[in-house]
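So the structure is just underneath, and the comments pick up after that.
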Amino acid sequence: MSSVMTAPGTGGATARKSESVWAASWRRLRADKVGMVALTVVALSLLLVLAAGLGLVASGWQKETGVPNAPPTFMGPGTAESAGAVESAKGPNVDLSDIDPLAPKYAEWTERAKQYKTDETPRAQTLPFGADRLGRDVLAKAIKGAEISIMVGVLAAVVATLIGTVLGALSGFYGGKVGDFLEWVYNVFTAMPNILLIFAFAVVFGRGVLPVVMILGLAGWTGIYRLVRAEFIKHSVREYVRSAEAIGASKASRMFKHILPNVSHVALVQLSLHVVSFIKSEVILSYLGLGVSVDQVSWGTMLSEAQNELILGYWWQLAVVTVFMAVFVTAFSLFTDALRDALDPKLR
Amino acid sequence: MAAYLIRRLWQMVPTLLGVVLLVFFLFKWFGGDPAEVLGGLNASADQIQAIREQLGLNKPVAEQLLIFLKQIVTFDWGKSWATNESVAHLFATRLPATLTVMVPILLLEVLLPVPFALLVAYLRGRAVDRAVMMGTTIAVSISLLVYVIVFQYVFAFQLGWFPVQGWSDSLWTNLTTYAPLPVFVAVAVALSPYTRLYRTFFLDEIGHEYVRTARAKGLTERTILLKHVLRNAMIPILTNISVALPSLFVGSFLLEVFFSIPGLGREILLAVNRSDYPVIQAFAIYIAAITMVVNLVTDLLYKLVDPRVVLK
């Protein structure tokens, strides 16, 4: 009704209707400078991830564009390694063609070799951020690795939040036998050492992006379950839910249409908290070889390569990955803090 | 009190049973076939069949489960399928190494951040506080792996202050030579998140009415923080420590792999890769039991710290 009465200058409907929770949170978030900077960094990173996913950037990360271990440009080309460990013989070359049994075939082989075109790709002596052991551009790898690591973190957090929210809703809303059973499942999962759960699921699911998402999601839903359950217990006896029951709203409708929107901010904050922790877990899993498959690159696989390179003095891959990860994770954590403050001003 | 203890201990039984069932079916249905893992690539079908028979893998699933349950009740953990070492012996020989690293880590992790966080809470709102908060945020977002790699490289490889990795048979040599670097890494990594967390605990307490009362009656800020706030903040700190206590094995596992420490964590990774069921099962139950006992002890400690807490 209010939509008909557009009062000039007051922004229409908002004049009559009270501000929605999400609009109020957005207003609070916009006032938070640190939060907005963090949000910008996160949004830009996600755009980069999207671009990498669509193949717009870093699609050629597997190309060996530089010389092996090419240093970053600002350091200048690396000193050529003194490969001449074995000194070449000093004396004159002896003509072996009389006794060489392969001599008659050389001409034929040269002919045959000419049929194949060898591509001489010029390799750069330096790259903006250096190259890895094979001469692949570290910057492209870090972007591609960001795509995998961030995607795994976000998807795993979504899986964990879904499991935690649905089970928490069921347990908190129904209570009784269902609640007891789910509490038992929760107890079992929390009593199991997390690392064993992750290893066990890793054995079950194998390697790759989707398996890692499932592993982390299945092993990490318990905290969300606990919080959502507490919220549902609190809300299920509130007046608005009882009124809904009185007018005949079904249980599913009360759970997911009435209560869920009122507790979704809890789930949202947990979701973003878990993104950070799952990104870190993915890095460790991939480092151990339990994560993404060998033909993919993630921050974890890069770190495991970087460890060996560091000993030889090639520090750039380690530095680039660390900076990429630190920037994204810091921004995401700060954004999460701002989000929590904005969604739940009471906590401040 | 006795009734409370008995009830709490009794409640552990269904949870432990759940852990056993979860581990059993996870590895039974989805894990690799232990016989094939043990037989190797060149084993013939007959040999694999023989291994299955020897391990009792061809019995019905229910019977296998029953055997495992019987083993748990009688504390007979059996032998590792891969090495034929008895699981009890395996634990007894690997646990000391894990503890040699974990006990110092735990002590330092608990003791160091408390004064640090108290200081930051005292300086709340000032530039130092904000700088520490920003620094810790960044420090937390760097992967644990980077810390291990860089610390190992700088302090062991470049500066030569510690051995890069290794372990010996003597407890003293281990404590003074091999353990310091892993302990250093773990504590350095843990300092940031713990300082942040404890700071919020202290700030929560500082916001309470009793602090205002204490100020009103003229106590110095120092007395208030050290006597009133610290004691009240011990409850969330204790909870936090108890949560971290069993999960320290995750950290220890990574450290053990990095620093070649022959501890339990490394053993469990091997066992998972070999589908060595008796070891996995024993480990799961052992950690689950530790977790639950730690939770119980924490609840008892609440009572000690805060006499108002009623155990029910």
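Residue numbers (numbering that gives the first Met the number 0), protein chains in the order written: chain A, 0 to 347; chain B, 0 to 311.
Glycine included, each C-beta is placed from N, C-alpha and C at the ideal position.
Would you identify the three-state DSSP class for residue i, choosing helix, strand or coil?
i	result
Ser-24 (chain A)	helix
Gly-65 (chain A)	strand
Asp-136 (chain A)	strand
Ala-82 (chain A)	For Ala-82 (chain A), the predicted model reports a pLDDT of 47, less than 50, meaning its position is unreliable; a value from the coordinates is still stated below. Three-state DSSP puts Ala-82 (chain A) in coil, outside helix and strand.
Leu-311 (chain A)	coil
Leu-126 (chain A)	strand
Pro-363 (chain A)	Outside the shown range of chain A (0 to 347) lies residue 363 (chain A), about which nothing can therefore be said.
Lys-78 (chain B)	strand
Ser-44 (chain A)	helix
Ser-85 (chain B)	strand
Ile-66 (chain B)	helix
Ala-57 (chain A)	coil
Thr-92 (chain B)	helix
Asn-41 (chain B)	coil
Leu-342 (chain A)	helix
Lys-116 (chain A)	coil
Val-33 (chain A)	helix
Val-100 (chain B)	helix
Leu-49 (chain A)	helix
Asp-131 (chain A)	coil
Lys-216 (chain B)	coil
Gly-175 (chain A)	helix
Ser-276 (chain A)	helix
Pro-13 (chain B)	helix
Asn-57 (chain B)	coil
Ile-98 (chain A)	coil
Relative to the alpha-carbon of residue i, which residue among the options has its alpha-carbon at the smallest distance?
i	options	result
Val-12 (chain B)	B:Asn-294, B:Leu-300 and B:Ala-288	B:Ala-288
Thr-321 (chain A)	A:Gly-312, A:Ile-310, A:Ala-305 and A:Asp-336	A:Ala-305
Leu-314 (chain B)	B:Asn-83, B:Leu-20, B:Val-163 and B:Leu-117	Coverage of chain B is limited to positions 0 through 311, which leaves residue 314 (chain B) absent and any answer about it impossible.
Val-20 (chain A)	A:Ser-276, A:Val-202 and A:Asn-261	A:Asn-261
Tyr-285 (chain B)	B:Leu-174, B:Ala-91 and B:Lys-58	B:Ala-91
Leu-122 (chain B)	B:Gly-165, B:Glu-220 and B:Ile-279	B:Glu-220
Lys-143 (chain A)	A:Leu-311, A:Trp-314 and A:Val-296	A:Val-296
Glu-63 (chain A)	A:Val-208, A:Ser-24, A:Arg-135 and A:Leu-49	A:Arg-135
Ala-155 (chain A)	A:Ser-263, A:Val-275 and A:Arg-132	A:Val-275
Arg-228 (chain A)	A:Glu-110, A:Ser-263, A:Arg-206 and A:Asp-131	A:Ser-263
Ile-234 (chain B)	B:Arg-198, B:Val-256 and B:Leu-300	B:Leu-300
Ser-313 (chain B)	B:His-207, B:Phe-154, B:Val-278 and B:Arg-93	What the structure shows of chain B is the stretch from 0 to 311, and residue 313 (chain B) is not part of that stretch, so it cannot be assessed.
Trp-28 (chain B)	B:Leu-295, B:Leu-56 and B:Tyr-3	B:Leu-56
Lys-32 (chain A)	A:Asp-343, A:Leu-342 and A:Leu-333	A:Leu-333
Leu-272 (chain A)	B:Gln-10, B:Met-0 and B:Ser-140	B:Ser-140
Glu-52 (chain B)	B:Phe-282, B:Glu-35 and B:Val-19	B:Glu-35
Thr-73 (chain B)	B:Val-210, B:Phe-156, B:Ala-87 and B:Val-127	B:Ala-87
Leaving aside the five residues before and after residue i along the sequence, list all residues of the same chain whose C-beta is less than 6 angstroms from its C-beta, in chain order.
i	result
Met-354 (chain A)	What is shown of chain A runs 0 to 347, which leaves residue 354 (chain A) out entirely.
Ala-178 (chain B)	Thr-99 and Val-100
Met-213 (chain A)	Phe-204
Val-339 (chain A)	According to the sequence displayed, residue 339 (chain A) carries Arg and not Val. Same-chain partners within the cutoff: Val-268.
Val-319 (chain A)	Phe-128, Val-137 and Ala-141
Val-40 (chain A)	Ala-330
Ala-81 (chain B)	Arg-273 and Asp-275
Thr-363 (chain A)	The displayed coordinates of chain A run from 0 to 347. Any statement about residue 363 (chain A) would go beyond what the structure contains.
Ile-162 (chain A)	Trp-220
Please return the same chain residues whose Cβ sits closer than 7 angstroms to the Cβ of residue i, not counting the five positions on each side in sequence.
i	result
Thr-297 (chain B)	Leu-237, Thr-238 and Ser-241
Leu-111 (chain B)	Val-186 and Leu-190
Pro-7 (chain A)	Reliability fails at Pro-7 (chain A), whose pLDDT of 46 lies under 50, so the model's placement of it is uncertain and the value that follows must be treated cautiously. Around Pro-7 (chain A): no qualifying Cβ.
Ser-292 (chain A)	Arg-206 and Gly-207
Phe-26 (chain B)	Ser-274, Tyr-276 and Ile-279
Identify, in the order they occur along the chain, each residue of the same chain with its Cβ nearer than 8 angstroms to the Cβ of residue i, setting aside the five sequence neighbours on each side.
i	result
Ala-49 (chain B)	none
Quick one: complete beta strand (DSSP E) runs, 3+ long, within the segment 230-297 of chain B?
none
Only counting runs of 4 or more residues, tell me where the alpha helix (DSSP H) segments fall wholly within the segment 127-208 of chain B, in order along the chain.
143-150 and 179-205
The segment 84-117 of chain A: positions lying closer than 8 angstroms to chain B by Cβ:
none
For the segment 197-211 of chain A, which residues have a CB atom closer than 7 angstroms to at least one CB atom of chain B, in sequence order?
Phe-198, Ala-199, Val-202 and Val-203
With a floor of 4 residues, list each alpha helix (DSSP H) that falls wholly inside the segment 182-258 of chain A, ordered by position along the chain.
193-204, 208-218, 221-234 and 238-245
Interface positions of the segment 279-296 of chain A facing chain B (Cβ-Cβ less than 8 angstroms), listed along the chain
Lys-279, Val-282, Ile-283, Tyr-286 and Leu-287
Length-filtered (4 minimum) alpha helix (DSSP H) runs lying within the segment 292-336 of chain A
You should have 298-310.
Residues of the segment 121-152 of chain A in Cβ contact with chain B at a cutoff of 8 angstroms, in chain order, please.
none
Taking beta-carbon pairs under 8 angstroms, can you tell me which members of the segment 132-159 of chain B lie near chain A?
Thr-136, Ile-137, Val-139, Ser-140, Ile-141, Ser-142, Leu-143, Leu-144, Val-145, Ile-148, Val-149, Tyr-152 and Phe-156
Give, in chain order, every residue of the segment 11-28 of chain B whose Cβ lies closer than 9 angstroms to some Cβ of chain A.
Met-11, Pro-13, Thr-14, Leu-15, Leu-16, Gly-17, Val-18, Leu-20, Leu-21, Val-22, Leu-25, Phe-26 and Trp-28
Using a Cβ-Cβ cutoff of 9 angstroms, what residues of the segment 315-333 of chain A are near chain B? List them in chain order.
Going along the segment 315-333 of chain A in chain order, one finds Leu-317, Val-320, Thr-321, Met-324, Ala-325, Val-326, Phe-327, Val-328, Thr-329, Ala-330, Phe-331, Ser-332 and Leu-333 with a Cβ nearer than 9 angstroms to chain B.
Taking only beta carbons into account, state which residues of the segment 284-302 of chain B come closer than 7 angstroms to chain A, listed in chain order.
Ile-286, Ala-287, Thr-290 and Met-291
Between the segment 54-69 of chain B and chain A, which residues of the former have CB atoms less than 9 angstroms from a CB of the latter, in chain order?
Cβ contacts with chain A: none found.
Using a beta-carbon distance cut-off of less than 9 angstroms, what residues from the segment 162-195 of chain A approach chain B?
For the segment 162-195 of chain A, the set of residues with a beta-carbon nearer than 9 angstroms to any beta-carbon of chain B comprises Trp-183, Val-184, Asn-186, Val-187, Phe-188, Thr-189, Ala-190, Met-191, Pro-192, Asn-193, Ile-194 and Leu-195, in chain order.
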